[in-house]
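Please read the structure below before turning to the comments.
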Amino acid sequence: MTPSAASSSPDAPGLGIPAVTVAPGDTATTSLTVRNDSDIVEAYNLEVVGDCAPWTTVEPARVSLYPGTSETVTIRLEPPRSPEIRAGEMPLGVRVLPAEHPESVRVLETIVHVEEFRELHTELAPRRRRGWLRGRYRLAVRNQGNSPVEVGFTAGQAGEELGFAFSPAERKLEPGESAETGLRVRTGKPVWFGTPVVWPFTVDTVDTTDSGDQKEPRRDEPAVRAPLDAEFVQIPVFPRWLLVVLAALLALLLAWFALVRPAVRSAAKEAADEAVQRRSSPAGEQGAAGQAPGTGSGAGAGSGASPGDRGTGAPPGAGGDGSPAGGDSSVGGGQQSSETIDVQTSGGETKTGTYRVPEGSVFGVTDIVVANFQGDEGLLTITFGDRKITTIALETFRNQDYHWVTPIKIPENDTVTVEVTCEKPGTPATGRRAQGCHEVLNVSGVLSRITQ
């Protein structure tokens, strides 16, 4: 920039400022010459005023001149690369204040041309979604440039198994403005049995503002932005364990028809034949001694057997009154119990929630239910005492339950602990993103007292 000459007198110091062009993130300078045409020594304070003042400096900011002398000062412009510095023309003012003649203060103005830059920041949440046929994602876009832009969205896959739909398909964003658009991913056919199928795909945000003008990108701006990677995990309609159950049922059915049913029919037929033979036998064949059927030879009064030798009809192992033999025994029981642990965590933090088993009791856990109703992202770890039960990613579920046939026993004074690491709060049913993560764990089982 060619230095411009200026004269300064006690009445009206002069200062000429040429226009200057600067790019956000870069530095631009211009030189000015101040001359003292008065007959006294004068000091001048130079101060930048206006919208450019936060990122503009004058070096030096104060000059002292003898009569008839001059000095060159530099105006340095360093606008930050921020959406707050809008592209276009901005006024620049420099206030010149003489020390000996402050009433002669003047403000000189010029124009600063701020160049345009474009920068888009995109986030896709979640990066991994599970479903039978379709999945829903949220794409957040922020215009971090200094000029309005129009953006479009594209999605790609190596094959043709997935279909994509954006709602809305285009957005117009002012500098510093953010917006969200929905993405629906759908497969062509379901997976009935087997293991889940992983379909990877990419999502890209395209700047369509100057698509018709074929505008060349600046050297300091990326020409191609890396697309976002995501996955859709297609789960089978019928899980693998159902195949195992059906196979077991089929094996039991075949065993019934092949082994059990013929044996039952044979036993029933033999019992029926025996009953028919008994009914058809003559009355005179009751016994050689004329005794009634079923009467033993030694059971009568004349057989020499005493009445005390006869059985009482009680089952084996029972006392005389029919009660079980041996002394009484008592078994300590318990009652069904359920406890809820509520954990609320801020983004980027880790918190724990606990339930302590009361003293003198044992908690036999049979069921747990984990609720992630906001769709938060992060990690959740469940621990019984010193034993870690499971660690799961929050973004993979909304509600998850576990059940045990054999209870997991937690002794007295031990705890059920839930540790939650919140990476990103989700969006509940209200549609507004939550301030922090919120998870709930319900533990159910039998709480028994310890008998001494």
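Heads up, the sequence shown is in our numbering, so the first residue is -5 and it goes up one at a time. We put the beta carbon where it would ideally sit given N, CA and C, even for glycine.
Looking at Gly44: is its Cβ nearer than 7 Å to the Cβ of Pro74? The residue you call residue 44 lines up with position 50 of the sequence shown. The residue you call residue 74 lines up with position 80 of the sequence shown. Cβ distance not < 7 Å, so Gly44 and Pro74 don't count as in contact.
Minimum length 3: unbroken beta strand (DSSP E) runs contained in the stretch 76 to 124: 82 to 92, 100 to 108, 114 to 119, all fully within the stretch 76 to 124.
Given that a residue counts as buried once 16 or more other Cβ atoms are within 10 Å of its Cβ, and exposed if not, what is Ala224? The residue given as residue 224 occupies position 230 in the sequence shown. Burial call: buried.
Distance, Cα to Cα, Leu435 vs Arg136? Stepping through the sequence shown from its first residue, residue 435 is reached at position 441. Stepping through the sequence shown from its first residue, residue 136 is reached at position 142. Each residue's Cα considered, the two are about 36 Å apart.
Taking the C-alpha atoms as reference points, what is the distance between Thr334 and Leu118? Position 340 of the sequence shown, counting from 1, holds the residue named residue 334. Position 124 of the sequence shown, counting from 1, holds the residue named residue 118. C-alpha separation (whole angstroms): 33 Å.
Candidates Leu127, Thr360, Arg89, Tyr38: closest to Thr63 by CA position: Walking along the sequence shown from the start, residue 63 turns up at place 69. It is Tyr38 whose Cα lies nearest to the Cα of Thr63.
Helix, strand or coil for Ser331, going by three-state DSSP, please let me know. Along the sequence shown, one-based indexing puts residue 331 at 337. Three-state result, Ser331: strand.
Pull the bridge partners of Asn393 from the DSSP assignment, please. Here the question's residue 393 lines up with position 399 in the sequence shown. Its beta-bridge partners are Ala365.
Would you check if there are 3 or more beta carbon pairs closer than 8 Å linking the stretch 339 to 346 to the stretch 400 to 409? no
Taking the C-alpha atoms as reference points, what is the distance between Thr385 and Gly372? Indexing the sequence shown from 1 puts residue 385 at position 391. Indexing the sequence shown from 1 puts residue 372 at position 378. Their backbone Cα atoms lie some 11 Å apart in a straight line.
Tell me which same chain residues have a C-beta within less than 8 Å of the C-beta of Gly19, skipping the five on either side of it? On the sequence shown, residue 19 is found 25 positions in, with the first residue counted as 1. Scanning its chain for C-beta atoms nearer than 8 Å, with the 5 sequence neighbours on each side dropped, one finds around Gly19 the residues Pro73, Pro74, Arg75, Phe111, Asp214, in chain order.
Whether Thr400 touches Thr348 by CB criterion (7 Å): Locating residue 400 in the sequence shown gives position 406, where the first residue counts as 1. Locating residue 348 in the sequence shown gives position 354, where the first residue counts as 1. No.
Cutoff 8 Å; reference Arg56; Cβ partners in own chain excluding five residues on either side: In the sequence shown, counting from the first residue as 1, residue 56 sits at position 62. Counting only Cβ-Cβ distances below 8 Å, and skipping sequence neighbours, we find Ala37, Tyr38, Asn39, Leu40.
When the distance is taken between beta carbons, is Thr202 closer than 7 Å to Gly146? Taking the sequence shown and counting its residues from 1, one reaches residue 146 at position 152. Taking the sequence shown and counting its residues from 1, one reaches residue 202 at position 208. Yes.
Residues that DSSP places opposite Phe226 in a beta bridge: Along the sequence shown, one-based indexing puts residue 226 at 232. Beta-bridge pairing links Phe226 to Arg123, Trp193.
Taking buried to mean at least 16 other C-beta atoms within 10 Å of its own C-beta, is Arg272 buried or exposed? Sequence index remark: in the sequence shown, residue 272 carries index 278 (1-based). Classification for Arg272: exposed.
Taking DSSP as the reference, what is the three-state secondary structure of Trp250? For the purposes of this step, residue 250 is taken as residue 256 along the sequence shown, with counting starting at 1. Helix.
Are the stretch 152 to 160 and the stretch 250 to 262 in contact at 8 Å, needing three or more beta carbon pairs? no
Between the alpha carbons of Gly129 and Phe357, how many angstroms are there, rounded? As a position in the sequence shown, residue 129 is number 135, starting the count at 1. As a position in the sequence shown, residue 357 is number 363, starting the count at 1. Those two C-alpha atoms are separated by around 40 Å.
Grouping DSSP H, G and I as helix and E and B as strand, with all else coil, what is Val231? Indexing the sequence shown from 1 puts residue 231 at position 237. DSSP places Val231 in coil when its eight states are reduced to three.
Straight-line gap, Ile69 to Glu53 (C-alpha atoms, nearest Å): Mapped onto the sequence shown, residue 69 falls at position 75. Mapped onto the sequence shown, residue 53 falls at position 59. Straight-line Cα distance between these residues: approximately 6 Å.
Rounded to whole angstroms, what's the CA-CA distance from Gly420 to Val337? Just pull it up for me. By one-based count along the sequence shown, residue 420 stands at place 426. By one-based count along the sequence shown, residue 337 stands at place 343. One C-alpha to the other measures close to 15 Å.
Would you please state the rounded distance, in angstroms, between the beta carbons of Val16 and Val90? I believe it to be under 8 Å. Translated into positions along the sequence shown, residue 16 becomes position 22. Translated into positions along the sequence shown, residue 90 becomes position 96. The pair is not a contact, with the Cβ atoms about 22 Å apart (cut-off 8 Å).
Between which two residues does the beta strand (DSSP E) holding His39 run? Residue 39 sits at position 45 when you count from the first residue of the sequence shown. Just to set this straight, residue 39 is Asn in the shown sequence, not His. Here the beta strand (DSSP E) through Asn39 covers 36 to 43.
In angstroms, rounded to a whole number, what distance separates the CA positions of Ala81 and Glu164? Taking the sequence shown and counting its residues from 1, the one referred to as residue 81 is at position 87. Taking the sequence shown and counting its residues from 1, the one referred to as residue 164 is at position 170. Roughly 23 Å between the two C-alpha positions.
Leu247: CB within 6 Å of a non-hydrogen atom of the ligand PLP: Inclusion of the ligand PLP in the displayed structure is not the case, the ligand content being empty and no account of it being possible.
Put Arg272 into one of helix, strand or coil per three-state DSSP. As a working mapping, residue 272 is identified with position 278 in the sequence shown. Arg272: helix per DSSP, three-state reduction.
For Arg426, the first and last residue of its enclosing beta strand (DSSP E): As a working note, residue 426 is residue 432 in the sequence shown. Counting along the chain, no beta strand (DSSP E) covers Arg426, and no H or E run does either.
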